[in-house]
Every structure is written in structure tokens, then in C-alpha cells.
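A.B. asks:
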Amino acid sequence: MAHQKRTSPFAVPYLPGEDSASERAFDIEAGYLPVRKPVDGGTEPQDDAHLYFMLHRAMYPQARRKLVFWLNGGPGCSSFDGALLELGALRIQRNGSLALARPGYAWNEYADVVYVDQPVGTGFSYVSNHAYAKTLEQVAKEFVYFLHEFVRAYPAYMNETDVYLAGESLYVARVDDACANDTRWYAVRGNTFRTLHMSCSRIRRTRMEQLQMLWQPWEEEKKRGRCQQHMRKEAVEQCRRRHHHRPFC
Numbered sequence: 005m006a007h008q009k010r011t012s013p014f015a016v017p018y019l020p021g022e023d024s025a026s027e028r029a030f031d032i033e034a035g036y037l038p039v040r041k042p043v044d045g046g047t048e049p050q051d052d053a054h055l056y057f058m059l060h061r062a063m064y065p066q067a068r069r070k071l072v073f074w075l076n077g078g079p080g081c082s083s084f085d086g087a088l089l090e091l092g093a094l095r096i097q098r099n100g101s102l103a104l105a106r107p108g109y110a111w112n113e114y115a116d117v118v119y120v121d122q123p124v125g126t127g128f129s130y131v132s133n134h135a136y137a138k139t140l141e142q143v144a145k146e147f148v149y150f151l152h153e154f155v156r157a158y159p160a161y162m163n164e165t166d167v168y169l170a171g172e173s174l175y176v177a178r179v180d181d182a183c184a185n186d187t188r189w190y191a192v193r194g195n196t197f198r199t200l201h202m203s204c205s206r207i208r209r210t211r212m213e214q215l216q217m218l219w220q221p222w223e224e225e226k227k228r229g230r231c232q233q234h235m236r237k238e239a240v241e242q243c244r245r246r247h248h249h250r251p252f253c
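Per this note's numbering, the sequence shown starts with residue 5, numbered consecutively.
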């Protein structure tokens, strides 16, 4: 049975280079939400500050919703890095097209995943008057504001949802602390909040282990015994080429 697309003002029917959009078993939604209060009784946020988000719905929704917010670090790294190169269900190919990730490699198989370009000025997010966030405290405060705006836009997440904050490098710890001190967020009925902080320096392993984890073809070569310590010259060169084309954190 074909996947039934939901209607939403944020709906994205397809992405550039996504030739197999009709085969995609999940919905994508994207848009902008304000991260600062309106000024002078108006409706637009101060300095026109907005964060851009992209929501990948779960392929296999669970009875109790799971919602993951993903932040790349930097500072200033777009979360499209995570969406299209690391944990998303669509991956950039060598020819520039997008292809579905292999089963078991996408985080949105059982959870809704929200990729956020933050702070303002990162990726597709924007702000006027060069009014960028100047401290980590301000970055965290504005992300909490974004969370409240997100729940307003998606009220279904206000009840019985397991919420996860995940990301690499900078920001996650400060944002987590700000969320922990925000009583309005924890007043959301039946919700839980958890944090997963992934630091490249903490998870760094041997290069062989990294390649095995991050790139399926390397793992298959290893299973065939072609990437062991005593290998033929041509196998060594093959492994080196794959090493060269797969960047590390």
C-alpha cells in the first residue's frame, strides 16, 4: 500500500535531487519559527529572528510518540549535515542526488526527528540587523523559545511524548540545562525529556572501527577478510581509497 501523505502547512512533497520521493515511506515537513518575542505589540519577533527546522516523521510510528531534536555543533554547523550525511533517511550520493538510507541506518525509523539550524544565522535560519546571539546562554534561551513555538505548531506533541535532545559537539549541554530550568516545558503533560550528547573526541576509535560503523561497504569488505592485518597489496589500496573518501568528525 502506498504511503498516504498527510496535509500540513509545513509539508515538503519532495527535496531537490530526490528522484524517489514517491517511494518515501515517511513525511517531511519544514519551515521557520520565531525565537524572540514580538516587539511593540506586533506579531513579528525582535530582529526578525527565526530558526529553520526540518521534520522527518517516523516510518513506523509507535503508540507512545518519540520526538528527537538534532543539533549539529560548530559553532555554526547546519543540521543538514546530520540529516543528509549522518543519521537521516536520505543521503547525498556522489552524483548529487538523494537516495534512501539502508534499513537500520536512519534515526526516524521509530521516532520523529527534527533537524534544527541554530543559532540564528546558521544554515537557513536568519536574523536581521546582524543581531546574532552573542553568548551560549542566549543561544540556549532562544532554542527553548523555539521548542515552545514548535509545540504550538504541533500540539500533538503536548501529550505523552518521549522527547530527546541529541547532537554533536557544541550547544547540546547548554540547551539541555536551559530546558531543565524551564518549568513551562516540563509542565507538558506526560512528557519525558532525555539528552544524548555525541562528542567526536569521546567516541573516537581506531580508524578501522570508525569506518566499519560509518560506512556499510567497509563492513562488508571486512567480513570477506579483505581488510585484515595481513592483506594483499591491492586490498590495502582499496581500503586506503575508501578511507580517503570518508571524512572523519
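Where is the CB? At the ideal position from N, CA and C, for every residue including glycine.
Going by C-alpha to C-alpha distance, which of 157, 36, 126 sits closest to residue 77?
C.D. replies: It is 126 whose Cα lies nearest to the Cα of residue 77.
A.B. asks: With a threshold of 16 other CB atoms inside 10 Å of the CB of residue 119, please say whether the residue is buried or exposed.
C.D. replies: It counts as buried.
A.B. asks: What's the call for residue 115, buried or exposed, on a 16-neighbour Cβ count within 10 Å?
C.D. replies: It is buried - the Cβ of residue 115 has at least 16 other Cβ atoms within 10 Å.
A.B. asks: Which same chain residues end up closer than 7 Å to residue 175 when comparing Cβ atoms and leaving out the 5 residues on each side of it in sequence?
C.D. replies: Closer than 7 Å at the Cβ level, and outside the excluded window around residue 175, lie 75, 77, 143.
A.B. asks: Which first and last residues belong to the alpha helix (DSSP H) in which residue 184 is found?
C.D. replies: Here the alpha helix (DSSP H) through residue 184 covers 176 to 184.
A.B. asks: With a Cβ-Cβ cutoff of 8 Å, do residue 117 and residue 155 count as a contact?
C.D. replies: No, Cβ-Cβ distance for residue 117 and residue 155 is not below 8 Å.
A.B. asks: Residue 123 and residue 146 - do their beta-carbons sit closer together than 8 Å?
C.D. replies: Against a cut-off of 8 Å, the Cβ pair of residue 123 and residue 146 comes out as a contact.
A.B. asks: Inspect the CB distances between the segment 129 to 136 and the segment 44 to 62 and report whether three or more fall short of 8 Å.
C.D. replies: These segments touch.
A.B. asks: For residue 16 and residue 33, which I take to be in contact (beta-carbon distance under 8 Å), what is that distance rounded to the nearest angstrom?
C.D. replies: Contact flag correct, Cβ pair sits at about 6 Å.
A.B. asks: How close, in whole Å, do the beta carbons of residue 43 and residue 150 come, if the pair is a contact with beta carbons under 8 Å?
C.D. replies: The Cβ separation is near 18 Å, so there is no contact.
A.B. asks: Tell me whether residue 23 is buried or exposed, calling it buried when 16 or more other Cβ atoms sit within 10 Å of its Cβ.
C.D. replies: Exposed, since its Cβ has fewer than 16 Cβ neighbours within 10 Å.
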